[in-house]
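**Student:** Structure below; questions to follow.
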Amino acid sequence: MTGGGAEFLDDAAELLGRHRDVLPNWLALYYKEPIELVRGEGTRVWDSSGKEYLDFFGGIVTTISGHAIDRIVDALREQAGKIAHTSTLYLIRPMVELAERLTARSPIAPPDGVDVKAFFVGSGTEAVEAALLFATTWRRSNEIIALRNSYHGRSFGAVGITGNRGWSATSFSPLNVSYAVPAYCYRCPLHLTYPECGVACAEDLRNVIETTTSGEVAAMIAEPIQGVGGFVTPPPEYFPIVKGILDEYGIPFIADEVQTGFGRTGVTYWGIEGYDVQPDAMVIAKGHGNGMAIGAVLSRADMMESLKANSISTFGGNPLATTFALANLDNIEEQDLQHNARRVGKFLMDGLKELEDRYDVVGEVRGKGLMLGVEMVRDGGSREPHAEGAAQVMEVTKDRGVLVGKGGLYGNVLRLSPPLSITEEDAARAIETLDVAFREVQEKV
Ligand SMILES: Cc1ncc(COP(=O)(O)O)c(C=O)c1O
């Protein structure tokens, strides 16, 4: 690991000044002294001073294969040299191939005679927006059920269904939204304890439908693991109960797999498969493009094709993005990254659980595969959220060459979501670094 000279630090400071002048003040930046990442290779990134970091956040749960993977870069270069943009008014071979691959892998199980189809867009927000459009048109209803503590994006509709006031407090939604109770066991909204609770949070959905909707609900949308909400990981019974209730009322279920898709949770391709539930539609982005701007909706064709008006996405499915995503998919499958995520994820989880036992400021370690959250608290007894502690951990780990993310309603949950290609040595280094950081936070309490 190399440190940068003063001229490089001046470089970042100068860029920060320009950033603040021309970009909105709500565009959050990490760290007291924000850094510019200028290069990446596999699980490593380098800043403009030349300092090397182990990337344990992956560009917000996105860089799933790793940085600058040769086969993905080569595929992009080749396609860029041929044609970058045509619009979907013309046939696009990589888009068709990608749709075939994704629909074949989707867990959506429509009734006989109904296909699964894909529609490509440029981001997760747009994918959520499109899924809402399909569901509301299909069901002729603007009623949506979402979860408290959720995050679905920053557009009019997507932020409107986001159940986290840190992101949605100033939005005005055109949708009629009911918020159901998430399975946030560490801070159970019902003040119960799993498993004695009987997963009452899931059972409460029936009451939400009966008391706050007309019964004609367009869809329920939920993240299999709440990402921005702090990697809140429901127990195994949660989604099967929720889906059973939705089926009783004939309400479609949309799984927001923007963070949990593509093997991130280590068990299967999709987070919702870990719950053995078959959604009616899914939204995907982030890991789908390994950094390329691409999102998609996969859904039952009858839902998607309920649109009777024209629709288009100028950039959705463009040759560059779909070629990149196809090469990423090849890489994930050939390298068997979801199994690596399961194996190294277990190693990381075991190491973090050990730290949870040692440090009172580590309230809970949770998650699946390589989507692991660490909830920082002032002490294990009060469970008071410790946002400053999380911020301090981030500074200490950054100084020591490991980048981690944070989230949660109180900004006190560290988020670990490295590329799925990390090794046990990488995980061991992250654990050692977090050990040092937790000790420093503990000493200050
Ligand atoms: C679960 C979920 N859905 C949707 C989005 C929105 O995706 P994007 O930022 O690509 O618009 C995000 C982004 O963090 C997300 O985590």
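In the numbering used here, the protein residues as written are 3 to 447. We treat Cβ as the ideally placed atom computed from N, Cα and C, and that holds for glycine. Predicted model, so just to flag it, every value in this text is computed and none were measured.
Quick test of your reading: Ser423 and Thr139, contact by CB under 8 Å. State the CB separation rounded to the nearest angstrom.
**Tutor:** The Cβ separation is near 40 Å, so there is no contact.
**Student:** Measuring CB atoms only, is the region 415-435 touching the region 236-253, in the sense that at least three cross pairs come out at less than 8 Å?
**Tutor:** Short answer: they don't touch.
**Student:** Could you tell me the alpha carbon to alpha carbon distance between Gly19 and Ala137, rounded to whole angstroms?
**Tutor:** C-alpha separation (whole angstroms): 44 Å.
**Student:** For ligand 1, any of its heavy atoms closer than 6 Å to the Cβ of Glu470?
**Tutor:** What is shown of the chain runs 3 to 447, which leaves residue 470 out entirely.
**Student:** Are Gly407 and Arg417 touching if we call contact CB-CB under 7 Å?
**Tutor:** Closer than 7 Å, so yes.
**Student:** Report the residue from Asn166, Pro96, Asp359, Asp304 whose alpha carbon sits nearest the alpha carbon of Arg448.
**Tutor:** A question about residue 448 goes unanswered here, because the residues of the chain that appear run from 3 up to 447.
**Student:** Report the partner residues of Val123 according to the DSSP bridge assignment.
**Tutor:** Paired residues: Gly297.
**Student:** Buried or exposed: which applies to Thr195, given that a residue is buried once 16 or more other Cβ atoms fall within 10 Å of its Cβ?
**Tutor:** Exposed, because fewer than 16 other Cβ atoms sit within 10 Å of the Cβ of Thr195.
**Student:** Within a Cβ cutoff of 6 Å, which residues of the same chain sit near Arg156, ignoring the five residues on either side of it in sequence?
**Tutor:** Answer for Arg156: Thr127, listed in chain order.
**Student:** Per the contact definition of three or more C-beta pairs closer than 8 Å, is the region 246-256 in contact with the region 208-215?
**Tutor:** These segments touch.
**Student:** Note the first and the last residue of the continuous beta strand (DSSP E) segment covering Val415.
**Tutor:** Unbroken beta strand (DSSP E) run through Val415: 415-418.
**Student:** Looking at Tyr55 and Leu405, is the spacing between their C-beta atoms short of 7 Å?
**Tutor:** In this structure, Tyr55 lies closer than 7 Å to Leu405 by Cβ.
**Student:** Please confirm whether any heavy atom of ligand 1 lies closer than 6 Å to the CB of Ser125.
**Tutor:** Ser125 Cβ: within cutoff of ligand 1.
**Student:** To the nearest angstrom, report how far apart Ala133 and His154 are at their CA atoms.
**Tutor:** Approximately 11 Å, taken between the alpha carbons.
**Student:** Measuring only the C-alpha atoms, how far is Val438 from Gly61?
**Tutor:** Cα to Cα, Val438 sits roughly 24 Å from Gly61.
**Student:** Going by DSSP, what residues sit across from Pro321 in a beta bridge?
**Tutor:** DSSP output for Pro321 lists no bridge partner at all.
**Student:** Got a sec, what are the start and stop residues for the alpha helix (DSSP H) Phe255 sits in?
**Tutor:** Run containing Phe255: none in the alpha helix (DSSP H); it sits in the beta strand (DSSP E), 255-258.
**Student:** Count the other C-beta atoms from every protein chain shown that fall within 10 angstroms of the C-beta of Thr399, then say buried if there are 16 or more, exposed otherwise.
**Tutor:** Classification of Thr399: buried, given that the 10 Å Cβ count is 16 or more.
**Student:** For Tyr188, which three-state DSSP category applies?
**Tutor:** Helix, per DSSP.
**Student:** To the nearest angstrom, report how far apart Ile314 and Arg150 are at their CA atoms.
**Tutor:** Taking the straight line from one Cα to the other gives about 32 Å.
**Student:** Output the boundary residues of the alpha helix (DSSP H) element that contains Ile74.
**Tutor:** Start and end: 72-84.
**Student:** Determine the burial state of Ser108: buried for a count of at least 16 other Cβ atoms within 10 Å of its Cβ, exposed for fewer.
**Tutor:** Per the 10 Å Cβ criterion, buried.
**Student:** Tell me which same chain residues have a C-beta within less than 8 Å of the C-beta of Leu328, skipping the five on either side of it?
**Tutor:** Only Ala77, Pro96, Glu99, Leu100, Arg103 meet the Cβ criterion.
**Student:** Between the beta-carbon of Gln337 and the beta-carbon of Gly265, is there less than 7 Å?
**Tutor:** In this structure, Gly265 does not lie closer than 7 Å to Gln337 by Cβ.
**Student:** Measure the C-alpha to C-alpha separation of Met378 and Ile110 and round it to an integer number of angstroms.
**Tutor:** Roughly 36 Å between the two C-alpha positions.
**Student:** Kindly indicate the opening and closing residues of the beta strand (DSSP E) around Ile450.
**Tutor:** Given a span of 3 to 447 for the chain in the structure shown, any question on residue 450 remains unanswerable.
**Student:** Take Pro236 as the anchor and find which of Gly159, Gly42, Arg22, Pro197 has the nearest alpha-carbon.
**Tutor:** Ranking Gly159, Gly42, Arg22, Pro197 by Cα distance to Pro236 puts Pro197 first.
**Student:** Ends of the beta strand (DSSP E) at Lys34?
**Tutor:** Here Lys34 belongs to no beta strand (DSSP E), and DSSP marks it neither H nor E.
**Student:** With a CB to CB cut of under 6 Å and the five nearest residues on each side skipped, what residues in its chain are close to Thr262?
**Tutor:** Answer for Thr262: Pro226, Ile227, Gly273, listed in chain order.
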